[in-house]
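Residue numbers (this note's numbering), protein chains in the order written: chain V, 3 to 246; chain S, 186 to 513.
Beta carbons are placed, not taken as given, at the ideal position from N, Cα and C, and that holds for glycine.
Values in this document were obtained by computation on a predicted structure and should not be read as measured data.
Note sheet for the following structure.
Put into structure tokens, the structure is as follows:
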């Protein structure tokens, strides 16, 4: 409460009317109430979120959720005007991506059995599926996010077999991501937004001498879900409370 | 004694000090000190503990982990010197593709740095360019891939693909052994996906070259499922079946083992085993029947496969001189 009010402190310095009535008069009081309610809403939204669970079941459900989102995205892409008019290479790529992601989602559903989370309802309203630029930009977002998500979730996996399964999928997601990026801009298959690029100290440096690491920038579940939830309807938005 | 002043001083000689320490705040979390006052009496132990964590991890690495990381490091050297030699070969790599191979070479250099830091004194020595014979001749320098670093760009791309796909499979195979050390596991995963990005790009360039297209034009060429293998094949950016044995299936050495099975090749659904890239059963689930309308090719593409250390070494051993101990 104190923190929220601090930025309004200068109001105290106004001669009159009093701070309280000033707030009422300007509507700032209403805004504060709104902020507080929004804060409460956030909490209750969290409570309404579908939690992926804990342990390996939780990690696999987390992966299942992301794969559902990707599968739904490419299924929708194939009904849009961009896909209808795409060249043979891009059609092949989008057909493959749609199949790969559906195979991933269905695999997790089968592997999880009765422990699987429900089918999620995507919200793609902000994406123009008739536009090549819009579709490829969204595809890049999903693919890059998937790679960062698998890499950041590996540490939570308890069984070696499940780690290998995640590894089998993440490299395919990375192949997707690199090609989508190359479609948007040749030679952008790794970029500074997703990889901590390495710069040699000089042209004659020995291997390993320079700044950066050449590593993908993995993301923890909370960060990934913040991005993914933008594409999920209320009731399908996710949390991963066990994985911090 | 001002801890942050000490760290600031160290930063002058080691700009990555904060990466090592994670962040100022998390340093204290590691010691369970969040929210507690740090007393003068605690400081000596605290400081040595922090730097033991940041710089002195190697003492606690198990022999299995050291072996996995050193195999990865050996593969990174194999790749680094290959790309570096390609970039130094006059007229080999077209100008449109030089930025990509500079990026790839630099990424491998970064991976070498990461692995050397993780291994500390247990890292293998830099084998140098002299340890490698990229012709596949084990020191004769006249093996079937000799022209890859001279004037045969298609062969250069083929060798690149084989090396990087071997790397992707090797990291995947080594990952379970790193599980006891979560930070090393995550570092390896973050290298693994970058290798896969490299493979995707090299394959895209190969499709373009086979169709006379370079630069952005390469991305307009579809993969040819009936012509995935050989030097002028048009592979997809992902591995389809066994890719017909890869860029050079008919030579000795051959690229076919890069896409074939490792050892053991079969196992129970919950076991770790190393099937060929054409595998379509995952954790006991038949991918070809689990998704309506999927082809065996797409079912295999959707999952890459790991490879065991011994098989990785037997592949990589073909590209070092006989006198080198690498990959033995």
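task: Measure the CB-CB distance between residue 332 (chain S) and residue 425 (chain S) and report whether it falls below 9 Å.
output: On the second chain, position 147 is the one that residue 332 (chain S) refers to. On the second chain, position 240 is the one that residue 425 (chain S) refers to. Result no, Cβ atoms of residue 332 (chain S) and residue 425 (chain S) do not sit closer than 9 Å.
- prompt: Taking the DSSP output, what are the residues bridged to residue 201 (chain V)?
  reply: The count along the first chain starts at 1 and reaches residue 201 (chain V) at position 199. Answer is V:213.
task: Find the nearest neighbour of residue 484 (chain S) within the set V:124, V:106, V:134, judged by alpha-carbon distance.
output: As a first step, residue 484 (chain S) must be located in the second chain, where it is residue number 299. Minimum Cα distance to residue 484 (chain S) is reached at V:106.
task: Measuring only between beta-carbons, confirm whether residue 207 (chain V) sits less than 9 Å from chain S.
output: The residue you call residue 207 (chain V) lines up with position 205 of the first chain. Output row for residue 207 (chain V): interface = yes.
- request: Have a look at residue 188 (chain V) and residue 313 (chain S) and give me their C-alpha separation to the nearest angstrom.
  value: Translated into positions along the first chain, residue 188 (chain V) becomes position 186. Translated into positions along the second chain, residue 313 (chain S) becomes position 128. For residue 188 (chain V) and residue 313 (chain S), the distance between alpha carbons rounds to 32 Å.
query: Quick one: what does DSSP say residue 387 (chain S) is sitting in, helix, strand or coil?
result: Walking along the second chain from the start, residue 387 (chain S) turns up at place 202. Here residue 387 (chain S) sits in helix by DSSP.
message: Suppose only complete runs of 4+ residues qualify. What are the alpha helix (DSSP H) ranges in the region 406-463 of chain S, listed by chain order?
response: 441-444
field: CB-CB length for residue 362 (chain S) against residue 443 (chain S), believed under 8 Å
entry: One-based indexing of the second chain puts residue 362 (chain S) at position 177. One-based indexing of the second chain puts residue 443 (chain S) at position 258. No, residue 362 (chain S) and residue 443 (chain S) are not in contact; Cβ-Cβ is about 21 Å, not under 8 Å.
query: Looking only at its own chain, which residues have a Cβ that is under 6 Å from the Cβ of residue 345 (chain S), when we skip the five neighbours before and after it?
result: In the second chain, counting from the first residue as 1, residue 345 (chain S) sits at position 160. Hits under 6 Å: 387.
Residue of V:133, V:186, V:152 minimising C-alpha distance to residue 377 (chain S): Taking the first residue of the second chain as 1, we reach residue 377 (chain S) at position 192. Comparing Cα positions, the closest option is V:152.
field: Which of helix, strand or coil DSSP assigns to residue 94 (chain V)
entry: Position 92 of the first chain, counted from the first residue, corresponds to residue 94 (chain V). Residue 94 (chain V): helix per DSSP, three-state reduction.
message: I need the boundaries of the alpha helix (DSSP H) containing residue 331 (chain S), first residue and last residue.
response: Counting from 1 along the second chain, the entry for residue 331 (chain S) is found at position 146. Unbroken run through residue 331 (chain S): none, as it is neither H nor E.
CB of residue 408 (chain S) within 9 Å of CB of residue 421 (chain S), strictly: Looking up residue 408 (chain S) in the second chain gives position 223. Looking up residue 421 (chain S) in the second chain gives position 236. Closer than 9 Å, so yes.
field: Proximal residues to residue 438 (chain S) (C-beta, below 6 Å), its chain only, five neighbours per side dropped
entry: Taking the second chain and counting its residues from 1, the one referred to as residue 438 (chain S) is at position 253. Here the set comprises 321, 503.
- prompt: Between which two residues does the alpha helix (DSSP H) containing residue 192 (chain V) stretch?
  reply: Within the first chain, numbered from 1, the residue matching residue 192 (chain V) stands at position 190. From DSSP, residue 192 (chain V) is part of no alpha helix (DSSP H); its letter is neither H nor E.
Rounded straight-line distance, which links the Cα of residue 282 (chain S) to that of residue 182 (chain V): Taking the first chain and counting its residues from 1, the one referred to as residue 182 (chain V) is at position 180. Taking the second chain and counting its residues from 1, the one referred to as residue 282 (chain S) is at position 97. Each residue's alpha carbon lies about 17 Å from the other.
message: Run through the DSSP bridge pairs and tell me what residue 240 (chain V) is partnered with.
response: Start at 1 with the first residue of the first chain, and residue 240 (chain V) comes out as number 238. Beta-bridge pairing links residue 240 (chain V) to V:52.
- request: Output, in sequence order along the chain, the residues in the region 160-177 of chain V whose CB is closer than 9 Å to any CB in chain S.
  value: 160, 161, 162, 163, 164, 165, 166, 167, 168, 169, 170, 171, 172, 173, 174, 175, 176, 177
- request: Identify, in the order they occur along the chain, each residue of the same chain with its Cβ nearer than 6 Å to the Cβ of residue 383 (chain S), setting aside the five sequence neighbours on each side.
  value: For the purposes of this step, residue 383 (chain S) is identified with residue 198 of the second chain, where counting begins at 1. These residues qualify, in order along the chain: 289, 349.
query: Any C-beta of chain S sitting closer than 9 Å to the C-beta of residue 91 (chain V)?
result: For the purposes of this step, residue 91 (chain V) is taken as the residue at position 89 of the first chain. Interface residue, yes.
- prompt: For residue 147 (chain V) versus residue 234 (chain V), is the C-beta distance shorter than 9 Å?
  reply: Position 145 of the first chain, counted from the start, is the residue given in the question as residue 147 (chain V). Position 232 of the first chain, counted from the start, is the residue given in the question as residue 234 (chain V). No, the pair does not count as a contact, with Cβ atoms beyond the cut-off.
field: Three-way DSSP call (helix, strand, coil) for residue 261 (chain S) in this model
entry: Here residue 261 (chain S) refers to the residue found at position 76 of the second chain. The answer is helix: DSSP assigns residue 261 (chain S) an H, G or I state.
task: Note down, in chain order, each residue of its chain lying with its Cβ closer than 6 Å to the Cβ of residue 55 (chain V), except the 5 sequence neighbours on either side.
output: Within the first chain, the letter at position 53 stands for residue 55 (chain V). Once the five neighbours on either side are set aside, the close Cβ partners of residue 55 (chain V) are 63.
query: Name the chain C residues whose beta carbon is nearer than 9 Å to that of residue 250 (chain S)?
result: Looking at the structure shown, chain C is missing, and the protein chains on hand are V and S.
Among S:457, S:342, S:416, the one whose alpha carbon lies nearest that of residue 357 (chain S): Within the second chain, numbered from 1, the residue matching residue 357 (chain S) stands at position 172. Residue S:457 is the option with its Cα nearest to residue 357 (chain S).
- prompt: Under a three-way DSSP split, which group does residue 350 (chain S) fall into?
  reply: Position 165 of the second chain, counted from the first residue, corresponds to residue 350 (chain S). Reduced to three states, the DSSP call for residue 350 (chain S) is helix.
task: Starting from the C-beta of residue 211 (chain V), find all residues in its chain whose C-beta is less than 7 Å away, skip the five residues before and the five after it, and write them out in chain order.
output: Position 209 of the first chain holds residue 211 (chain V). So the list reads 202, 203, once near-sequence residues are dropped.
task: Give the residues of chain S in contact with residue 101 (chain V), contact being defined as C-beta atoms less than 9 Å apart.
output: For the purposes of this step, residue 101 (chain V) is taken as residue 99 along the first chain, with counting starting at 1. Neighbours of residue 101 (chain V) on chain S, chain order: 476, 478, 479, 480, 483, 484, 486, 487.
message: Please return the same chain residues whose Cβ sits closer than 7 Å to the Cβ of residue 339 (chain S), not counting the five positions on each side in sequence.
response: As a working note, residue 339 (chain S) is residue 154 in the second chain. Around residue 339 (chain S): 394, 416, 417.
Neighbour flag for residue 78 (chain V) against chain S, beta carbons, 9 Å: Taking the first residue of the first chain as position 1, residue 78 (chain V) is located at position 76. By this cut-off, residue 78 (chain V) is not an interface position.
field: Per-residue contacts from residue 400 (chain S) into chain V (C-beta, under 8 Å)
entry: Counting from 1 along the second chain, the entry for residue 400 (chain S) is found at position 215. Result: 188.
- request: With a cut-off of 8 Å on the beta carbons, I'd call residue 65 (chain V) and residue 168 (chain V) a contact; round off their distance for me.
  value: Counting from 1 along the first chain, the entry for residue 65 (chain V) is found at position 63. Counting from 1 along the first chain, the entry for residue 168 (chain V) is found at position 166. Contact holds; Cβ gap of about 7 Å.
- prompt: Is the beta carbon of residue 95 (chain V) less than 9 Å from the beta carbon of residue 227 (chain V)?
  reply: Counting from 1 along the first chain, the entry for residue 95 (chain V) is found at position 93. Counting from 1 along the first chain, the entry for residue 227 (chain V) is found at position 225. Not closer than 9 Å, so no.
query: Which residues in the same chain as residue 441 (chain S) place their Cβ atom closer than 8 Å to its Cβ, once the five residues preceding and following it in sequence are excluded?
result: Mapped onto the second chain, residue 441 (chain S) falls at position 256. So the qualifying residues of the chain are 427, 430, 431, 434.
task: Taking the CB atoms as reference points, tell me whether residue 459 (chain S) and residue 446 (chain S) lie closer together than 9 Å.
output: As a position in the second chain, residue 459 (chain S) is number 274, starting the count at 1. As a position in the second chain, residue 446 (chain S) is number 261, starting the count at 1. Their beta carbons are under 9 Å apart, which means residue 459 (chain S) touches residue 446 (chain S) by this criterion.
message: Just verifying my parser: in three-state terms, what is the DSSP assignment at residue 279 (chain S)?
response: Taking the first residue of the second chain as 1, we reach residue 279 (chain S) at position 94. Of the three classes helix, strand and coil, the one that applies to residue 279 (chain S) here is coil, per DSSP.
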